[in-house]
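Asks: Here our numbering runs 31 ahead of the position in the sequence shown, where the first position is 1.
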Amino acid sequence: MNPPLSWTLTLINCKLSLQLMLIWNLLSGLNVLIETYFADLSSGAYKTLIELKGVTAYGLDLVRGTKTIDLIKTNFPKGKFLFAGVVDGRNIWANDLASSLGTLQALEAIVGKDNLVVSTSCSLLHTAVDLVNETKLDDEIKSWLAFAAQKVVEVNALAKALAGQKDEAFFASNATAQASRKSSPRVTNEAVQKAAAALKGSDHRRATNVSARLDAQQKKLNLPILPTTTIGSFPQTLELRRVRREFKANKISEENYVKAIKEEIKKVVDLQEELDIDVLVHGEPERNDMVEYFGEQLSGFAFTVNGWVQSYGSRCVKPPIIYGDVSRPKPMTVFWSSTAQSMTSRPMKGMLTGPVTILNWSFVRNDQPRFETCYQIALAIKDEVEDLEKAGINVIQIDEAALREGLPLRKSEHAFYLKWAVHSFRITNCGVRDTTQIHTHMCYSNFNDIIHSIIDMDADVITIENSRSDEKLLSVFREGVKYGAGIGPGVYDIHSPRIPSTEEIADRINKMLAVLETNILWVNPDCGLKTRKYAEVKPALNNMVAAAKLLRTQLASAK
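(1) With a threshold of 6 Å on Cβ separation, who are the neighbours of Gln190 within its own chain once the five nearest residues in sequence on each side are excluded?
(2) For the beta strand (DSSP E) that Glu66 lies in, which residues bound it at each end?
(3) Between Ala577 and the rest of its own chain, which residues show a CB-CB distance below 6 Å, the 5 nearest in sequence each way excluded?
(4) For a quick check, are the C-beta atoms of Glu510 and Asp557 less than 7 Å apart?
(5) Let me know the alpha helix (DSSP H) ranges lying completely inside the stretch 393-438, each 4 residues or longer, listed in chain order.
(6) Where does Tyr2 land, buried or exposed, given buried means 16+ other C-beta within 10 angstroms?
(7) Answer yes or no: do Gln248 and Thr466 have a C-beta to C-beta separation smaller than 7 Å?
(8) Where does Leu42 land, buried or exposed, given buried means 16+ other C-beta within 10 angstroms?
(9) Can you tell me the Cβ-Cβ gap for Ala88 and Phe107, rounded? I've got them flagged as a contact below 8 Å.
(10) State the Cα-Cα distance for the pair Gly338 and Trp553, rounded to the nearest angstrom.
(11) So what does DSSP say about Gln341, is it helix, strand or coil?
(12) Just the C-alpha distance for Thr67 and Asp198, rounded to the nearest angstrom, thanks.
(13) Verify whether the separation of the beta carbon atoms of Ser484 and Leu440 is less than 7 Å.
(14) Hey, how far is the Cα of Val223 from the Cα of Asp356?
(15) Between which two residues does the alpha helix (DSSP H) carrying Lys250 extend?
(16) Of the residues Ala452, Arg464, Pro520, Gln328, which one's Cα is nearest the Cα of Met488?
(17) Kindly indicate which three-state DSSP category Tyr523 falls into: helix, strand or coil?
(18) Enumerate in chain order the residues of its own chain whose CB-to-CB distance from Gly96 is below 7 Å, with the five nearest sequence positions on each side excluded.
(19) Can you check DSSP and say which residues form a bridge with Asp92?
(20) Helix, strand or coil, according to DSSP, for Phe478 in the structure here?
(21) Using alpha carbons as the reference points, say which of Thr549, Glu277, Asn287 lies closest to Ile518.
(22) Can you tell me whether Ala571 is buried or exposed? The criterion is at least 16 other CB atoms within 10 Å of its CB, across all chains shown.
(23) For Gln468, which residues of its own chain have a beta-carbon under 6 Å away from its beta-carbon, when the five flanking residues on both sides are left out?
(24) Would you report the Cα separation of Leu64 and Ala76, rounded to the nearest angstrom?
(25) Decide if Leu383 is buried, meaning its Cβ has at least 16 other Cβ atoms within 10 Å, or exposed.
(26) Going residue by residue through the stretch 260-333, where are the continuous alpha helix (DSSP H) segments of at least 4 residues, counting only ones entirely within it?
(27) Are the beta-carbon atoms of Ala409 and Met473 separated by less than 7 Å?
(28) Using a Cβ-Cβ cut-off of 8 Å (strictly less than) and excluding sequence neighbours within five positions of Ile296, which residues of its own chain qualify?
(29) Among Arg359, Pro520, Ala210, Arg464, which has the Cα closest to the Cα of Val546?
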């Protein structure tokens, strides 16, 4: 039901603390609506919430807060409004209207017909704007979706149905789409489900400990101390973007596209050899996005043309949609990595995005637990890792930039998430030889509080953002955390156009050597170089390599 016309909404992001009580005097005369979302309310938090004085209404997430419904049934303050968040504001799936209507009718019996307001579970900031703009999306998959504009229609339809004005045709169409999604053969792949189910009961660790593996890898790779590398991507010029765009639009042939990408890879390889970098990358010129590139080659993914969502500030992202069981029909990166390796005698890293990052940067199916989808992605990446190894790629990087982003809000739920997230990473590389060096990369986060989970990932080398966080990462090692694998805390911030001097980078490396063993430390930038210009990248990398060589000389002299 619609609230009174005199309604004044004051939205408070509820933290349920004593500080909240201090503002009530400022709200005198207003109708106050408190919104809480993204999770269930604990019984204690719910009790605190409903006992707050001066509150007129409560907006509750009933999508991720299904247990909150039981608390409402047990005790909801009389005369108060309930904004029932039954339409998911954080995902792009169409609402099951029949199920939501049943929930609303049960709530109506508790709070009263005049006090129930149909709402979304949270702000619609987290979903794409309007499905009508997706003219190229498959019709069946499109029928399963609802963007922000469609969610508003769903809210209105539910409110009208609750008031006795049910749109039977709209509800019938929704029921048909719901049934289609449950029964569609494109959603279910029995072989994938069987393989994922078989993962349970094993922790999928490599047979040999990391110390022994590093010894075997050093014999094969013969790297110097303080080996240098970059994270993966190199600058993407306007010309490169044009080539990719025209190939996607069928304006140039595949032959011309492959030729152009090979030329770009050769340029990147030659530059790294000129700079005397130890472990090379191919620069990822064929990739527009580190998740979309892989999703486009995996079964179970769909993509939008205009499904943009705000990430931060003016930056937007276009997440892929995981609608079904995930599998890898064919190799995704082997051709480009093998091509790059053929251009140099130095080790060439195979570059992959990890399963947890693909999951956390996608709109994920809501008909099974997230960890099951993550395990499926992990199996697909595992196939790619093993094909890269067979193709002669001895160093393989599996990026998990978004590992920390998936942490639940409640610390009590962190352990379960980290357990399956770390397990998913280990699945990807548990079958490779000891001599194959597995790298991972992390950025955009403070990692100190999950350092033990990072160690448990059992990667041979981790390159990790450090310089932007004022080297806070190093504090965990000063505090006694022992790390036996290779580690490369970033020595300079790639998000700035500023070019660090050799002396500045050498100073950073010395700080790292104060808390890390010489034989495990790598020298690398914070993140990929995709957003920088070559005029910035060349001198910065040159100074980075010079700093590493300077420290090698000093360490050799000290002996």
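Backbone N, C-alpha and C define an ideal beta-carbon position, used for all residues, glycine too.
Replies: Inspection of the coordinates gives the following:
(1) For the sequence presented, residue 190 should be read as Ala rather than Gln. Answer for Ala190: Val149, listed in chain order.
(2) 63-67
(3) Thr533
(4) no
(5) 401-421
(6) Residue 2 is absent from the structure shown; the chain starts at 32 and stops at 590.
(7) yes
(8) Reliability of the predicted coordinates at Leu42 is poor, the pLDDT of 40 falling under 50, and the value obtained from them is presented with this limitation in mind. Under this definition Leu42 is an exposed residue.
(9) With a Cβ gap of about 11 Å, Ala88 and Phe107 do not count as contacting.
(10) 39 Å
(11) strand
(12) 30 Å
(13) no
(14) 7 Å
(15) 241-252
(16) Ala452
(17) coil
(18) Ala70, Asp71, Leu72
(19) Gly116
(20) coil
(21) Thr549
(22) buried
(23) Gln248, Val426, Asp491
(24) 16 Å
(25) buried
(26) 269-279, 285-306, 323-326
(27) no
(28) His313, Gly314, Pro316, Trp367, Thr370, Ala371, Met374
(29) Pro520
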